[in-house]
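Let me begin by presenting the structure, written as structure tokens, before commenting on it.
As structure tokens, this is what we get:
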């Protein structure tokens, strides 16, 4: 999640929203943690199933926080920890 936070920190909110929606639509049937994924809106990057879920959660947390619970991903504690690590608080 720290990697995702670093990636998104310089992007405008509208771009993050676009990425969030694209990842969510791509994962509508679920992501397999053992498979590799790409996202058109993030060029030159291949994600594991776990990584793409992290990017999905972080993008929603940053750009669409009112919809975050709809993802039904239990990553809130990990997200808070990653934010602390990114900000040098942990």
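In our numbering, the protein residues as written are 1 to 90. Glycine residues also receive a C-beta, built at the ideal position from the N, C-alpha and C atoms. No experiment lies behind these values; they were computed from the predicted model shown.
May I ask which residues mark the beginning and end of the alpha helix (DSSP H) holding residue i?
{"i": "residue 75", "result": "Where residue 75 is concerned, there is no enclosing alpha helix (DSSP H), given that its DSSP letter is neither H nor E."}
{"i": "residue 3", "result": "2-8"}
{"i": "residue 31", "result": "No alpha helix (DSSP H) holds residue 31; DSSP gives it neither H nor E."}
Suppose the cutoff is 8 Å on Cβ atoms and the five residues either side in sequence are ignored; what does the same chain contact list for residue i look like?
{"i": "residue 85", "result": "2"}
Who does residue i pair with in a DSSP beta bridge?
{"i": "residue 42", "result": "39"}
{"i": "residue 48", "result": "36"}
Just to confirm my understanding: we take residue i, look at its own chain, exclude 5 residues before and 5 after, and list those with CB closer than 7 Å. What are they?
{"i": "residue 61", "result": "68, 79"}
{"i": "residue 8", "result": "16, 58, 59, 62"}
Who are the Cβ neighbours of residue i in its own chain at under 6 Å, not counting the five residues just before and after it?
{"i": "residue 13", "result": "63"}
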